[in-house]
Structures are given as C-alpha cells and as structure tokens.
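Residue numbers (the working numbering), protein chains in the order written: chain A, 209 to 385; chain B, 209 to 385.
Report on the structure given below.
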DNA sequence: GTCTATAATTTGATAGAC
DNA sequence: GTCTATCAAATTATAGAC
C-alpha cells in the first residue's frame, strides 16, 4: 500500500465500500487501518461526500483509461471484448469484491448527488464504449447493455454465493455475435 | 398498506433496504412512517437482525411460490422464461427498486450471518429452478446463471441510470435457446 | 402492544495546539 | 499534517409503566 496518505485513505475507503456499501465505511475504521486519527482524514477529505466522490471518480477514470488502452492494443472486436471481460474478472479474483460502481449503483437512491453522478458516469462510459468499439449494427446499444448487465450481475452472484466459477459460466455466454 | 403491524414494519423495512441497503434503514424511520415509536418495533422484532432475516426470508419464500405457480401455469419453457422475466420487471416498474436479495447480495460481506444465508437461499433456489424447469442439457446451469445475472444486472443499471428501457434491452437478449 | 425514559455506542465533523 | 478534545446527532437496544 504505497502512495501518499490521501491515496492510502482512498484505497481503504474503496475497499470498504466494495465490501459493504457506502454507509458501511467510516472514517474511524480507515484511520485505524492507516494508523492515524480520524480527525486527520478531514484534512485530506473535508467531508465523507468528498471522499466518496474521490474514489468513485478515480475508479471511473481508471476504467476509462483501461478501455482506451484496449482499443489501441486490440484491433479485433473479439479480442477487445475478451480484454473487457478480463477487467471485471480481475475485480472478482484480485479483490474478491464487487465492482465499486456496481456497489454504489445498488444504493444510488440514498447517495449524495455528486457521488451518484460519478457512478452514472461509469455506466454511461462503459455502455458508450461497448456500443462504439465492440458492437456494430442497430442493436449495438442493446448488446452493450446486455454485456454490462451480465458482468455486474455475475460479480453480484459470485460474491454472495462465493463461487468464482459462476462468473465464468456467465462469461462463457458472452460473445460479439 | 394493510395487514398487521408486523407486516407493516416488514413492508417499510423491505422498501428501505431495496432503496439504500441494509445499513441504510433504521427503526426510527420505520416507526415514524407507521406512526408508532421505535421502541415498539422491538416488540415485534427484538433485533435488527431479526427484522432483516424476516424480510429476506419472506422475499425468498414469496419468490419460490411464484416460481411454483409458473410451473403449474405454463407447460412451455418459453412461456415459463417469459413469466420469470416478468417477476423482475415488476420489481423494477412497480417498486422502481432493486430486487431485495440483489441488494442484500451486494453487501453480503457485512451482513449478519443469518441474513446472508437467506440471501443465498434466494439465489440458489432461482438457479436451481431455472436449471430444472426452463433449461435442459449440459449447459443448463450455465444458462441459468446467465439469465439471473443479466436480470440482476439489468435492475442495477436501470435503477442507477433511471432508464427502464435498459431493462427491456437486456431482456430482449434472453432466450431459452 | 405501545408508551416514556434512558443507556451505550458509533458516527461525521470542528476548533485549536503542535 | 497530525494530534487532542469535544460536539451534536443518530443508532440499536432495554426497563418498566400503562
């Protein structure tokens, strides 16, 4: 866990949210894990909303960077889709947790508005990317929605049932055409 | 909102959880909505965990009853799948919220064990039903997982983006074979 | 069954010293 | 940047009167 204190705070906050949701993480838990006092966190992130926006924004931006990298790396739409699926697989295997924005989406009704907007940004940028860089034709948007829904749902099921192979079973049904 | 006080409590609790998650609902909010004091809720449900188990168990049991009804009503696997999808569509359109157990699944890491078990029961009974009453063949389990993941993910996306047509786009890609 | 009263804990947040 | 000290609010929960 390298990086500045602010980055450490964000790393732990993201981990907590992905485990139990926005209302499940606290400044005190984060501070104890880092080894500082909870009051010190307010120096880096004045309010909890500020911290929530920061991790959601970072997550969406990092994802967008990965998507851009996929486009420049793979000319084939099949390879792009495979690499895209791998992004979600990593979330499950490496972190054994939900997609951060999938988690936030489930509680979007009670999120502070700025956090909800960042969460929406994640979903729209994913849908747009799939509908432009992977799928073609009249039903490109619909197919994009199907893929993203399947991946988010697969993460959800794999998490609650603690069965990583469920994710692979769902992934096996995903194809470009 | 008819029924006994206990049922009213469960109705409101379920609504709150489906909106913002398990850590987002409180005895005080429920009591204010009903018009009693929060202490009175403890008479019906001694602890918050008890209430959480009650609504998760009721949700899973009701769902199981619907599944049994579908089997006796429709002989065709196509019709069964269509009726199954309609169960999730109702959750979105009528309540404009997540599936209760989909919501609980996302926070399963921080749920009290009895609630997590009820949540798991919902998913296993759905997967088992789909793999027996709708799909056939070697990949029946995989196809069942794909359908449930797509539906849960579709609810998630439709909720956060506030676009009910996203659900229909995903549903359009679901078929028996 | 519901009430009042209260306890014990946790939470996000601020002020000011260092 | 981090600390101590403190605050106001919300939370689940209990005891006992009615």
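By construction, the Cβ of each residue, glycine as well, lies at the ideal position given by its N, Cα and C atoms.
All of these numbers come straight from a predicted model, not from anything done at the bench.
Inset, instruction - Locate the alpha helix (DSSP H) running through residue 251 of chain A, then write down its first and last residues. - result: 246-252
Inset, instruction - Check whether the region 225-239 of chain B touches the region 338-351 of chain A, taking contact to mean three or more Cβ pairs, one atom from each stretch, closer than 8 Å. - result: no
Legend entry - Contiguous alpha helix (DSSP H) assignments of at least 4 residues, all confined to the region 274-358 of chain B: 285-301, 308-314 and 321-337
Legend entry - Contact check, residue 305 of chain A vs residue 349 of chain A, beta carbons under 8 Å: no
Legend entry - CA nearest to the CA of residue 352 of chain B, picked from B/218, B/370, B/383 and B/322: B/383
Inset, instruction - Since I believe residue 338 of chain B is in contact with residue 356 of chain B (beta carbons under 8 Å), could you give me their beta-carbon distance rounded to a whole number of angstroms? - result: 7 Å
Legend entry - Secondary structure of residue 381 of chain B, DSSP reduced to three states: coil
Legend entry - contact_flag[the region 313-325 of chain A, the region 260-270 of chain A] where n(CB pairs < 8 Å) is 3 or more: yes
Legend entry - Top-ranked residue by Cα proximity to residue 379 of chain A, from A/354, A/220 and A/369: A/354
Inset, instruction - Compile a chain-ordered list of the residues in the region 230-243 of chain A whose CB is closer than 7 Å to at least one CB of chain B. - result: 231 and 232
Inset, instruction - Could you please tell me which residues of the region 310-322 of chain B, in chain order, have their CB closer than 9 Å to any CB of chain A? - result: 310, 311, 312, 313, 314, 315, 316, 317, 318 and 319
Legend entry - Rounded C-alpha distance that separates residue 298 of chain A from residue 289 of chain B: 31 Å
Inset, instruction - Look at the Cβ atom of residue 309 of chain A, then the Cβ atom of residue 327 of chain A, and state whether they are nearer than 8 Å. - result: yes
Inset, instruction - For residue 234 of chain B, name the three-state secondary structure that DSSP assigns. - result: coil
Inset, instruction - Please compile the residues from chain A whose C-beta is within a distance smaller than 7 Å of the C-beta of residue 327 of chain B. - result: 368
Inset, instruction - Please list the partners that residue 349 of chain B has in chain A, where partner means a Cβ-to-Cβ separation under 8 Å. - result: 377
Inset, instruction - Using a Cβ cut-off of 9 Å, pull out every chain A residue sitting near residue 265 of chain B, in sequence order please. - result: The premise fails here: residue 265 of chain B is roughly 16 Å from chain A at the closest Cβ pair, so nothing lies under 9 Å.
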